[in-house]
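> In this note's numbering, the protein residues as written are 39 to 225.
The structure is given below, and queries will be raised subsequently.
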């Protein structure tokens, strides 16, 4: 037993390596993560912008449908109005007899989206865009389109709501590379 203890002491003692990473390993991982983030960041930002525009289009579509439904329910003319106030776009649904300036309940759109004027064909009066529905939910005045885009985006990333028939049928559209026969990019 004594001999075993002596031999055991003569062998070199292996020390346990301390845990953690070396500086080189940490730098390599950081470089790889940085490169991957640089590749993915523009796509992520574009996805997020497109999502904001799509949600704004959904909100406008619901507002237009709400005005149309209320006109049929209340048997009177209702209006969907849209205005810009201090760089923020707002929308409201109200009876046609009520002036837009008298409306108290304006709902704001996302602050990062805007109405794209060249592709928006809603009627306008006093700086307020509007579409009016008759007492049966039919469109009064004209067919129209409202186009939403991101403030820092492109026309191809725009979204729109198209009022396509006099009966008030609405549909959702997306920005295109080429204009249609009316010169509009969102259809």
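Cβ atoms here follow ideal geometry from the backbone N, Cα and C, with glycine treated the same way.
All values reported here derive from a predicted model rather than from experimental measurement.
Whole angstroms is fine: what's the gap from residue 154's alpha carbon to residue 116's?
24 Å
> By DSSP, does residue 221 sit in helix, in strand, or in coil?
coil
> With a CB to CB cut of under 7 Å and the five nearest residues on each side skipped, what residues in its chain are close to residue 113?
Residues of the same chain with a CB within less than 7 Å of the CB of residue 113, apart from the 5 flanking positions on each side, are 173 in chain order.
> Cα-Cα, which of 80, 192, 191, 185 is closest to residue 309?
Summary: the structure shown does not reach residue 309, with the chain confined to residues 39 through 225, and so no result is reported for it.
> Would you call the segment 175–184 and the segment 69–86 in contact, with 3 or more CB pairs under 8 Å?
no
> Look at residue 101 and residue 118 and say whether their C-beta atoms are less than 8 Å apart.
yes
> Please list, in chain order, all residues of the same chain as residue 211 whose beta carbon is under 8 Å from its beta carbon, the five residues on each side excluded.
183, 197, 198, 199, 200, 224, 225
> Any idea what DSSP makes of residue 189, helix, strand or coil?
coil
> Figure out for me which residue from 205, 207, 188 has the closest Cα to the Cα of residue 92.
188
> Since I believe residue 129 is in contact with residue 98 (beta carbons under 8 Å), could you give me their beta-carbon distance rounded to a whole number of angstroms?
6 Å
> Grab me the residues of residue 88's own chain with a C-beta within less than 7 Å of its C-beta, minus the 5 sequence neighbours each way, in chain order.
195
> Specify the secondary structure class of residue 107 as computed by DSSP and reduced to three states.
helix
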